[in-house]
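Residue numbering for the sequence shown follows the UniProt record's numbering, beginning at 1 and increasing consecutively.
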Amino acid sequence: MCLQGKAPDMAEVLICYSHTWNKELKRSPLSIVTALVDKIDMRKNIIYPDCDIKFTGHVTWVGKTSIEAKMHMSQYHDGAYTDVLDATFVMVARDPENKRAAFINPLKLESPEEEAIFQQGEINKKRRVELSTASLLKVAPTAEERTLIHNLFLNTLDTRTVSFRGRILPPNSVWMEDAKMKGLEICHPQERNIFNRIFGGFLMRKAYELGWANACAFAGCRPALVAVDDIVFRKPVEIGSMLLLSSQVCYTEGMHIQVRVHTEVLDPLTRQHSTTNVFHFTFRVEKDIPAVVPQSYGESMLYLDGKRHFDETMRSQVRNRLREIVGASTNWQDHQQVLVERVSLSQYLARSQDELPAKKMKDSMIEAHLPLGSQPVLREKYLNSHNSVRFGRILEDLDCLGVLICYSHTWNEELQRSPLSIVTALVDKIDMRQNIIYPDCDIKFTGHVTWVGKTSIEATMHMSQYQDGAYADVLDATFVMVARDPENKRAAFVNPLKPEGPEEVAIFHQGEINKKRRVELSTASLLKVAPTAEERTLIHNLFLNTLDTRRVSFRSRILPPNSVWMEDAKLKGLEICHPEERNIFNRIFGGFLMRKAYELGRANACAFAGCRPTVVAVDDILFRKPVEIGSLLLLSSQVCYTEGMYVQVRVHTEVLDPLTREHNTTNVFHFTFRLEKDVPAVVPQSYGGVRQKSTVQYISRPDLPKLAYRRVKGKSPGVVFLPGYGSNMTGQKAEALEEFCKSLGHAYLRFDYSGHGASEGVFSEGTIGTWKKDVLFMLDELAEGPQILVGSSMGGWLMLLAAIARPEKTKALVGISTAADHFVTAFKTLPIEVRKECEEKGVWTVPTKSNEEGMYTVSLDFLREAENHCILQSPIPITCPVRLIHGLKDEDVPWHISMQVAERVLSPDVDIILRRHGQHRMAEKDDIKLIVYTIDDLIDKLTTMV
1 MCLQGKAPDM AEVLICYSHT WNKELKRSPL SIVTALVDKI DMRKNIIYPD
51 CDIKFTGHVT WVGKTSIEAK MHMSQYHDGA YTDVLDATFV MVARDPENKR
101 AAFINPLKLE SPEEEAIFQQ GEINKKRRVE LSTASLLKVA PTAEERTLIH
151 NLFLNTLDTR TVSFRGRILP PNSVWMEDAK MKGLEICHPQ ERNIFNRIFG
201 GFLMRKAYEL GWANACAFAG CRPALVAVDD IVFRKPVEIG SMLLLSSQVC
251 YTEGMHIQVR VHTEVLDPLT RQHSTTNVFH FTFRVEKDIP AVVPQSYGES
301 MLYLDGKRHF DETMRSQVRN RLREIVGAST NWQDHQQVLV ERVSLSQYLA
351 RSQDELPAKK MKDSMIEAHL PLGSQPVLRE KYLNSHNSVR FGRILEDLDC
401 LGVLICYSHT WNEELQRSPL SIVTALVDKI DMRQNIIYPD CDIKFTGHVT
451 WVGKTSIEAT MHMSQYQDGA YADVLDATFV MVARDPENKR AAFVNPLKPE
501 GPEEVAIFHQ GEINKKRRVE LSTASLLKVA PTAEERTLIH NLFLNTLDTR
551 RVSFRSRILP PNSVWMEDAK LKGLEICHPE ERNIFNRIFG GFLMRKAYEL
601 GRANACAFAG CRPTVVAVDD ILFRKPVEIG SLLLLSSQVC YTEGMYVQVR
651 VHTEVLDPLT REHNTTNVFH FTFRLEKDVP AVVPQSYGGV RQKSTVQYIS
701 RPDLPKLAYR RVKGKSPGVV FLPGYGSNMT GQKAEALEEF CKSLGHAYLR
751 FDYSGHGASE GVFSEGTIGT WKKDVLFMLD ELAEGPQILV GSSMGGWLML
801 LAAIARPEKT KALVGISTAA DHFVTAFKTL PIEVRKECEE KGVWTVPTKS
851 NEEGMYTVSL DFLREAENHC ILQSPIPITC PVRLIHGLKD EDVPWHISMQ
901 VAERVLSPDV DIILRRHGQH RMAEKDDIKL IVYTIDDLID KLTTMV
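So, in C-alpha cells, the structure goes:
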C-alpha cells in the first residue's frame, strides 16, 4: 500500500495495519507497535513552514511477527516536490492485550524491483542482529577502541604530577559530564495511542527536541539534523508515568555532533528507574566544534557507542552489500569458517552457460553517490595535501563498484548467497574527462555490464561530479572481471547478456572489439615477441646517442643533454599486507593495490619532473595472481617513457617470500601523467633494465685482516646485520633484510667478521674482543648516520657491546636468539668433572643442531677472553628501543638469556617476543617475516620521532 497525507508519527502504524487488514473483520485483532526506528536519513536540511508536505510509504519486508516499513517525505517548493527524508521503521505485531507476539501476513513480491527491496530488508535485519550482539553492553570494546580510549585518557593527564587522578581538560574540549541536558515529562492521557499507552511519536518528538537543544547549547549555534539512527523501544510507557529524559553529547567530529537520549520511567514509590527508550541523533553545525572528552569508564563506553553510530551513519554501503551477497564475514578471525561454508555453494554453479537465464544491461545498472559536499566528514579519507581528491581512493571505489555491478548481473533471487567469486582480472582503461576532482563537491558513480563472455564480464563505469548546479563528466572506466567457484580455484559460468535496442547492440559490439584488442596486445607482448623493425631501430638510435664518440667502445656511455637514465627514474616501496586491507574473499583488496601503485607512480612522476603531475589515463592494469594477507608486497615504479609534457609510469608489484627469496609478480600497472612543462627524456642503458644486486667489497685496515662486506646506500635509519658465531653475511636472514631495506630505500650493511666467510683472518684466532673491534670499525667507517643493529646469536652479544660503545650511532636494537655471555655462563654450568676434562684438553666441544657437524669447539683461551666482555652481571647502559626475539625451542641458547638482557638494560622501551615453535636459527618463513615486521615497526617509530 502507498500512503499519502498522514502525519509521520502515525504513518508507519497505519502502513502496517494496511498490510495486515482483513476485510471480513470490522476490527483488527493485532496490536501493532513500534519496535525500532532503524534509520532516518535527511535529504534536505530545511523544512519550510508554509509549504505542503507529502508522506508516502509501504511495507518493504516481513518476518513472522515483525514488519519493516519505509517512508519518504517530500515538500512542495518552487513548483515541484523535493526530497526531504527517508525513514525505515520496524514494527511488531502482538495480540489484542499486547502480551505476546502475533503472526502477520507474508509479503508477495511482484517484480524484480520489489524482490531487491525485500532482499535489502533481509540485509537490514541481519545487520540489526549483528549490531545487537556486538553491543558494548555485551561485548568488550575492540583493540582499536581500547587504544582510542586510552589515548584520550593519556591526553587528559596532568604531566606535572605523577598520578592517574590528576586530570586536565585539553584545549578546545569539553568534559562529557558538562555536555548533558535533562528533562521531565508527566505523561498525560492527551498523549496516548490507540492502545492507551503513551504514543511513540510523542516520545520521539520529546527526545529529539531535548537532543537538538543539547546540541545547540553545546555548539553555540543551531544544528541541522543529519540522521536518526537505531531508536529502540524497550518497553511501553504507561499513562501517568514520570518520564525522565537524559541527553548526552557522546561524540563529535569536525562539524558533526552525535547525541544520545536515554528515557526512563521513575516509580516515585520505589524510586526504581526502568529504561524505556534509547535514541541516537546526528546533527551538523556550520563550524568546527569542541571535542567531547570522557572521564569515567561508563562515559568512555558512551563515547565509543556514539562513535559507532556516527561511523555507521557515514559509512558507504557498497562493500557491505558485497559482503552480504557472498556471505563474507566482517571478522577476520572467522574467515576459515566462512570459506568452509562457501564450499557448499558449489552445488549451485551452472554446468554450462546455457543453464543460466540471459540478463539485460539494466539488470546490472547501479548508481552510487559519494557525498563529499553534503557530508564533510568523508573528506578526510579522500583529501590529499594539495586540497584535492586522492585518485587512489577513487580507484578503490571503482573496483568495489565494478564487482557489485557484476554480482548484480549474476544475482539469483532464489539464493541467499552467490556461489560465484567475482574478482578483478584487468583494468582495461580509465580515461579522464576532467583533470580536477574537487574535494567539496558530491560525486556520482554509474555503471553496468556492457559485455559478457562465458566466464568473464566487462563492466563500464562513469564518474561525474556536481558543480555549479549540474553534474560534469570526470572519467570513464572499463574493468574486466572473472567469475570463479566459491573457493576461487576454477572458472565458473556467468549469465549471458541480452542487448535490447540498437544502442545496446552497439555497446555489446564494442565489448567484442575490446576483447579482440586485448588478445592481440597479449600475443604481441614483448615478453613473447621480439620488437618490431621500427622499435629495434628506435632502441639502436637511443643506444648510439649515448655512446662516447671520443672512445671506440660500446661500454663508454654518456647521458645526452636534458635526459635521465632509466635507472635513476625509479621509486620503490613496501607494503605489509594486513587483514584491514582484505576483500570479501579474505585476500588483499584489488582497489588497495591500485591505490598504492597509483600513489607510488604519481610520486615517481612528481620527483622525476619536479612538479605536480595530473593523471591522464590508467591503462592495462593486470591482476596476475591474488595477494594473500600477511604478504610482503614490493612495489617498483619506473618512468619508462616521456614525450613533451607527458610521463608514462609502469608500476610492478610482487610478493617476496623472505625464506626462499622467491619473487612472484602479482600486478602490473600503467599510468599516464601530464605536467605543465616539458620533461627530460628517459634513456635506457641495458636491454632489459635489470636491477643491480649489492656486490662483495673489501675494506682494508692497518695490520689487520681485510673485512668483506655488502652495502646498499639509502636513507636513515640504516640497518646493520651482525651474524652469529661461525656464520656469515650470506644467510637467509641477511639476504631477506637486504631485500626489505632496498624496497623501502633504507641503507643496509652486512659483513663477515675476521676469520668468517669472505673476510681475511684465521677463525680460531678470533675472540669476542676481536670481533667487537670489527663491528666498531664498520660502524665508524661505513655506517652513515643513525643505525638499527640487528644481531643474531653471538651477533646479539656483539650488538649490545657495540651499542654501549657507540650510543650516538645506535638508535635501536633487534636481538635474534641473543647469546649474551652465553659461552661463559654455559661453560660454568657444566659438571665439575666435565670442566676439568675440558681444561686438560684446552678445548670445549659444544653440541649443536645449527651446523652439519653437529658440534663446534671453543678454546679455553677464548672463554677466558670472553669473560672480559660479560654484561649480564650489572645494569646495561643502553637507552634506545630494544626488541628481543627468541624461540622457546632454542636448544643452543636458552630463551631466558633474552629475559635477562631485558631486565638489565636501562631502556624504558623493551619488548620480548617469544616464538612458541622457534628454533635457534630463526630461519623459518614466519620467523623472518616477524623479524622484518619488527624492524619495519622500529623504522616507523624512529622516523615518526624525528
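Glycine included, each C-beta is placed from N, C-alpha and C at the ideal position. Note that the coordinates shown come from a computational prediction; the quantities given were computed from them, not determined experimentally.
Could you tell me how far apart the beta carbons of residue i and residue j are, in whole angstroms, since I believe they sit closer than 8 Å?
{"i": "residue 239", "j": "residue 170", "result": "That belief does not hold up - the Cβ atoms of residue 239 and residue 170 are roughly 46 Å apart, past 8 Å."}
{"i": "residue 310", "j": "residue 248", "result": "No, residue 310 and residue 248 are not in contact; Cβ-Cβ is about 14 Å, not under 8 Å."}
{"i": "residue 514", "j": "residue 356", "result": "Wrong, their Cβ atoms sit about 22 Å apart, outside the cutoff."}
{"i": "residue 44", "j": "residue 84", "result": "5 Å"}
{"i": "residue 948", "j": "residue 34", "result": "For the chain, the structure presents residues 1 to 946; residue 948 sits outside this window and is missing."}
{"i": "residue 364", "j": "residue 449", "result": "4 Å"}
{"i": "residue 724", "j": "residue 631", "result": "Rounded, the Cβ-Cβ distance is 28 Å, inconsistent with contact."}
{"i": "residue 425", "j": "residue 480", "result": "5 Å"}
{"i": "residue 95", "j": "residue 18", "result": "That belief does not hold up - the Cβ atoms of residue 95 and residue 18 are roughly 20 Å apart, past 8 Å."}
{"i": "residue 432", "j": "residue 446", "result": "Between residue 446 and residue 432 the Cβ distance is about 17 Å, and since that is not below 8 Å, they are no contact."}
{"i": "residue 639", "j": "residue 608", "result": "5 Å"}
{"i": "residue 236", "j": "residue 197", "result": "4 Å"}
Just to confirm my understanding: we take residue i, look at its own chain, exclude 5 residues before and 5 after, and list those with CB closer than 8 Å. What are they?
{"i": "residue 122", "result": "61 and 416"}
{"i": "residue 900", "result": "820 and 872"}
{"i": "residue 624", "result": "665, 666, 667 and 668"}
{"i": "residue 81", "result": "54, 74 and 75"}
Give me whichever residues DSSP pairs with residue i in a beta bridge.
{"i": "residue 558", "result": "DSSP output for residue 558 lists no bridge partner at all."}
{"i": "residue 399", "result": "None, per the DSSP bridge assignment."}
{"i": "residue 69", "result": "59 and 89"}
{"i": "residue 983", "result": "Any question about residue 983 goes unanswered here, given that the chain covers just 1 to 946."}
{"i": "residue 590", "result": "According to DSSP, which records beta bridges pairwise, residue 590 is partnered with nothing at all."}
{"i": "residue 459", "result": "449 and 479"}
{"i": "residue 662", "result": "657"}
{"i": "residue 389", "result": "383"}
{"i": "residue 794", "result": "Answer is none; residue 794 lacks a bridge partner."}
{"i": "residue 471", "result": "466"}
{"i": "residue 953", "result": "Look at the range of the chain in this structure, 1 to 946, and you will see that residue 953 is not part of it."}
{"i": "residue 431", "result": "476 and 617"}
For residue i, which residues from the same chain have a beta carbon less than 7 Å from its beta carbon, with the 5 sequence-adjacent residues on both sides left out?
{"i": "residue 889", "result": "917, 918 and 919"}
{"i": "residue 210", "result": "181, 183, 245, 247 and 261"}
{"i": "residue 388", "result": "436, 437 and 439"}
{"i": "residue 296", "result": "none"}
Use the C-beta contact count for residue i: other C-beta atoms within 10 angstroms, 16 or more gives buried, fewer gives exposed.
{"i": "residue 352", "result": "exposed"}
{"i": "residue 841", "result": "exposed"}
{"i": "residue 89", "result": "buried"}
{"i": "residue 302", "result": "buried"}
{"i": "residue 972", "result": "An answer regarding residue 972 cannot be provided, because it is not within the stretch 1 to 946 covered by the chain."}
{"i": "residue 739", "result": "buried"}
{"i": "residue 503", "result": "exposed"}
{"i": "residue 541", "result": "exposed"}
{"i": "residue 906", "result": "exposed"}
{"i": "residue 465", "result": "buried"}
{"i": "residue 103", "result": "exposed"}
{"i": "residue 815", "result": "buried"}
{"i": "residue 811", "result": "buried"}
Nearest to residue i by CA position, among the options, is which residue?
{"i": "residue 543", "options": "530, 566 and 585", "result": "566"}
{"i": "residue 29", "options": "938, 147, 105 and 482", "result": "105"}
{"i": "residue 993", "options": "786, 785, 778 and 782", "result": "The requested residue 993 does not occur in the structure, where the chain is confined to residues 1 to 946."}
{"i": "residue 867", "options": "823, 19, 16 and 619", "result": "823"}
{"i": "residue 875", "options": "828, 883 and 804", "result": "804"}
{"i": "residue 707", "options": "761, 737, 580 and 881", "result": "761"}
{"i": "residue 70", "options": "50, 38 and 48", "result": "38"}
{"i": "residue 350", "options": "366, 411, 672 and 892", "result": "411"}
Please work out which residues of its chain come closer than 6 Å, Cβ to Cβ, to residue i, disregarding the five sequence neighbours upstream and downstream, and give them in chain order.
{"i": "residue 636", "result": "572 and 652"}
{"i": "residue 250", "result": "258, 260, 302, 303 and 306"}
{"i": "residue 72", "result": "56 and 86"}
{"i": "residue 589", "result": "581 and 583"}
The ligand FAD and residue i: does the residue's C-beta get closer than 7 Å to at least one heavy atom of that ligand?
{"i": "residue 586", "result": "Ligands are entirely absent from the displayed structure, and the ligand FAD is therefore not among its contents."}
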